[in-house]
Amino acid sequence: MSVFRKGAEGNQVVPPDRVLKLSATLLMRELAKTYNPNDVETPIYERWERSGFFNPDRLPKAKRRKPFSIAMPPPNVTGDLHLGHALDLTTQDILTRFHRMRGDAALWIPGTDHAGIATQIMVERLLREGGISRYQIGRETFLRHVWEWKKKYGERIVEQIKRLGASCDWSREHFTMDPALTKAVKTAFLKLYDDGLVYRGERVVHWCVADRTGISDLEVDHRQEEGTLWYVRYELADGTGQITVATVRPETMLGDTAVAVHPDDRRFRAAVGKSVVLPITGRLVPVVADAAVDPLFGSGAVKVTPAHDSADFDIAERHHLPRLSVVGLDGRMTKEAGDEFQGLTTLQCRERVVEKLREIGALEREEPYTHSVAYCSRSNTVIEPLLSEQWFVKTKPLAAKALRALRAKKIEIVPDRFSNLLVRWLDHIRDWNISRQLWWGHRLPIWYCVACNAPVAAVKEPVKRCRQCGNNAFRQDEDTLDTWFSSGLWTFSTLGWPENTRDLRRFHPTSVLGTGWDILFFWVARMIMFSLYFRKEVPFKTIYIHGLVLDERGKKMSKSKGTGIDPIPMAWKYGTDAIRLSLVVGTAPGQDFRMSEQKIAGQRNFCNKLWNVSRYVLAQPTPPRRPPLAKGGSTGGVADRWILARLTELHARVTDHLKRFQFSLAIGELQQFLWADLADWYIEIHKAEKNTSLLHHVLRHYLILLHPFAPYITEAIWMAWGKQKLLMIEEWRKPKRLTAQQKKSVRVFQRFRRLVVGLRNLKIHGADNRELVIRSASAINTRLLSQLTGVGFAQTQGLGLTVAGQSFVVDQAVRERFLAWLARERRRLEVYLKQKQALASNSKAPDNIREQALRDADEAKHRLAELGPE
RNA sequence: GGGCGGUUAGCUCAGUUGGUUAGAGCGCCACAUUGACAUUGUGGAGGUCGGAGGUUCAAAUCCUCCAUCGCCCACCA
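For the first sequence, the numbering used here begins at 19 and goes up steadily by one.
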């Protein structure tokens, strides 16, 4: 059924443009009873896109606008968007739309990330299903497959971003492996290289056997696991004794090149400098003293395996020990491990070694032991630490700049507690392994002379002769860069860097970065370091950090466990706005929160409420322009003044909340207004009085305020209304402060409202021949009160609200309930009044608090007066 | 081993600089019914704000300690 046609047959969609021609009364009949998002979302997005307003250069008065920019965290081209992306997009779209409406040159740059290892794994998995390995088809063919994948998922992701209503500038879309961005990556790498900040070296790296690549510290997960601690006895070569070492990986002893003890450890003082015999292999290795050894752990002596443990590597450096690789890149034992073990997996070898040690009596004892095991966060397999030639970035100088900027508060972080986290991480940063033994990614711009192997860094293959040996043939390094290298440049590479473009000058540093805390180190920290290094400025002025979306049980959503909620099917079912709202309602910055379909359904209900409020309002005759406040009528314009004051208040509060990134508070105010003020009261009063006519004005203003949060439905109503201009560029005015008069009208109305609710609670509405007498100073509303409660009221002179005497037809039960209610209400108010008076006369309380208390006391007095004397 | 966060109604969560009678949604109960809206309306019940102490005229909010759940970091061989 079409959203614009009640009971229309078939699936004919009425294009939004056609609605422009519908008159208001017609609309009442034409608009479906429930909001049907699927009919409007795609055409509305197309219309937004056609308008060109996503591009700040094409906004009205573009040149006079103040820049506001956001770089979208580029989703990986690995699959579909999940709710985390939807949250990213929603908060950033709210900000972008808000600033656009406030008159800024709002630029939101979209894009996608090639996501090196993640994407390569997906494609490899796909090929493996067809029985093909990447080694069979070779690098070039494999990359063709990945590009195909990228095209498919890249396009799909763009469609999904659009579906979520993101108002980003597609004319500036980027992909991390675009030629322009590839150039940025090369430029950045070469600059670091020239500045001596990248180096190549053989280090112990985290090696993922499944993916055949080294990975960075951040890509490793540590898990506590039950294992065994084996105590192995090494005999001193001179026969003067023995040293026992403890290990959880006995197979690595085949690669031991020393035993280390603490220099102050008396137990081993005599042994230092001597040699021990490695059991099984019979090799002689020295005993060295090193402060890194904890004398209290295990036996106090540690076996040193420089090639397969980074701590041991450091010890070996200090003592000039040789490195012996016994585990190969395939995760199997090498020739160096000995013929007996070569080709075994580490686990098989471990069993064999333990067995042998037991046979020869070198195994002193074994005990169960819980320790942490390193896993590759991508492939979920155990990491083998091993020696490998890799490229590193010296991060200390980069981190120093970042730390200075953070400490100088050059970047505002919302919520602030995350800045400490960043600072601590940067403080303890270690060099960054940026080379990956992958095929998908930016290949290192490093060339080696085929004759002498001397490296040359260059954008293209060098044509000159090798400086070392004069040869002129080169081969490029096989490795690619860590995917975070290119995304670290994102805020400025997407604006044209290294070219000095107008965009770059105008929009960098970007205004806000919005992201989840989970990629703070991976991405945010690196962007800060890179931007300060390459641009000498921060990449963004503010970081807004949102929490992660959890499933209904409070666990991270996981595709493999099937606990995730896909945003796109949900958009079809409940509408995009419902999803966007459900991601923002009841959340706090940086705080993880649970998501459920029920919550989305609840927000759908809100959208539907708005839809129906609009149906009602649009059916009312359009006033020529904003009408004057009602003077006569039973409310004497009180309701009008009240709703306008509330609207002014709402406008100010929502603006303020948005400036502070308090999305949840902003939407909370907006929803309360619609439900509790506009629909439940103002419209009810309108029905009763038929006298107020500010409805159009209020709805128009409300749609502007709600638009950043729920862009589709607000724009749909706007179009249905027949507005020519798009809502997305309506002006969001500067907020005004409430006048004293307005504040008063809010108070007066709220008093009135309380009275009505009180009467309703008595359930004395609806009866025909009951009549109560209201004798009240606020004579504003006896008639209205009658209409709202269904009870007849007569007005007499004097103060107080009382039940009329016997002469009126009020049955005994009602009368008693009413009197009891009056008494209760009076008691409560008296207690309240006393408190407030005490506070007002409290000389230690600050003046503004006392004034407020005085006003509250006054208010309570008024209400007491209305309730009348005992 | 360090650090961070949570603990507020039956459930999921807001709560800005300490200052209204601590709020919302869902759920529950009662009532309403062709109304702009059953994707509805009205009302209700339900809270010692994890515990103890402290600061303050005033604490869900600030401080200390404790309990408990969760997360992050760390070369415990």
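All C-beta atoms in this analysis are idealised placements derived from N, C-alpha and C, irrespective of residue type, glycine included.
Sort the options by Cα distance to residue i and report the nearest one.
i, options, result
"residue 203", "52, 186, 515 and 69", "515"
"residue 747", "532, 756, 759 and 725", "725"
"residue 446", "461, 603 and 235", "235"
"residue 469", "485, 456 and 462", "485"
"residue 199", "601, 605, 756 and 503", "503"
"residue 590", "118, 162, 178 and 119", "178"
"residue 680", "608, 412, 761 and 387", "608"
"residue 498", "233, 50, 871 and 213", "233"
"residue 112", "287, 565, 182 and 129", "182"
"residue 842", "857, 870, 854 and 881", "881"
"residue 216", "318, 449 and 153", "449"
"residue 671", "690, 95, 658 and 659", "690"
"residue 626", "409, 594 and 480", "594"
"residue 98", "759, 766 and 583", "583"
"residue 852", "737, 877, 745 and 700", "877"
"residue 55", "687, 622 and 547", "622"
"residue 267", "548, 683, 84 and 402", "402"
"residue 872", "863, 371, 855 and 473", "855"
"residue 846", "685, 875, 122 and 867", "875"
"residue 282", "311, 271, 540 and 269", "311"
What first and last residue would you give for the alpha helix (DSSP H) that runs through residue i?
i, result
"residue 729", "729-738"
"residue 682", "681-690"
"residue 61", "55-69"
"residue 719", "713-724"
"residue 103", "101-119"
"residue 620", "615-637"
"residue 526", "Run containing residue 526: none; DSSP gives neither H nor E here."
"residue 334", "328-337"
"residue 673", "656-677"
What whole-angstrom Cβ distance do residue i and residue j have, given they're in contact under 8 Å?
i, j, result
"residue 133", "residue 74", "Their Cβ separation, rounded to whole angstroms, is 28 Å, which puts residue 133 and residue 74 out of contact at 8 Å."
"residue 256", "residue 292", "6 Å"
"residue 344", "residue 335", "Actually they are not in contact, since the Cβ atoms of residue 344 and residue 335 sit about 19 Å apart, beyond 8 Å."
"residue 230", "residue 347", "6 Å"
"residue 753", "residue 115", "The Cβ separation is near 17 Å, so there is no contact."
"residue 739", "residue 628", "Actually they are not in contact, since the Cβ atoms of residue 739 and residue 628 sit about 13 Å apart, beyond 8 Å."
"residue 421", "residue 444", "5 Å"
"residue 303", "residue 277", "6 Å"
"residue 252", "residue 384", "The Cβ separation is near 16 Å, so there is no contact."
"residue 585", "residue 104", "4 Å"
Would you list the one or two residues that DSSP bridges to residue i?
i, result
"residue 394", "238"
"residue 411", "216 and 450"
"residue 192", "129"
"residue 243", "389"
"residue 351", "345"
"residue 88", "126 and 530"
"residue 260", "253"
"residue 72", "Answer is none; residue 72 lacks a bridge partner."
"residue 376", "Looking at the DSSP assignment, residue 376 forms no beta bridge with any residue, so it has no partner."
"residue 404", "223"
Terminal residues of the continuous beta strand (DSSP E) containing residue i?
i, result
"residue 226", "216-226"
"residue 742", "Unbroken run through residue 742: none, as it is neither H nor E."
"residue 700", "Looking at the DSSP string, residue 700 is not in any beta strand (DSSP E), and its letter there is neither H nor E."
"residue 558", "558-564"
"residue 640", "Here residue 640 belongs to no beta strand (DSSP E), and DSSP marks it neither H nor E."
"residue 546", "Segment 544-552 is the alpha helix (DSSP H) holding residue 546; no beta strand (DSSP E) there."
"residue 510", "Counting along the chain, residue 510 falls outside any beta strand (DSSP E), though it belongs to the alpha helix (DSSP H) covering 508-511."
"residue 233", "231-233"
As an exercise, report each continuous alpha helix (DSSP H) stretch of at least 4 residues that is fully enclosed by the segment 124-179, in chain order. 134-147
Runs of 4 residues minimum, wholly inside the segment 414-500: which ones carry the alpha helix (DSSP H) assignment? 435-445
Quick check on the DSSP output: what are the complete beta strand (DSSP E) runs of length 3 or more inside the segment 262-326, in order along the chain? 276-279, 293-295, 302-307 and 319-322
Let me know the alpha helix (DSSP H) ranges lying completely inside the segment 574-604, each 4 residues or longer, listed in chain order. 585-592 and 594-602
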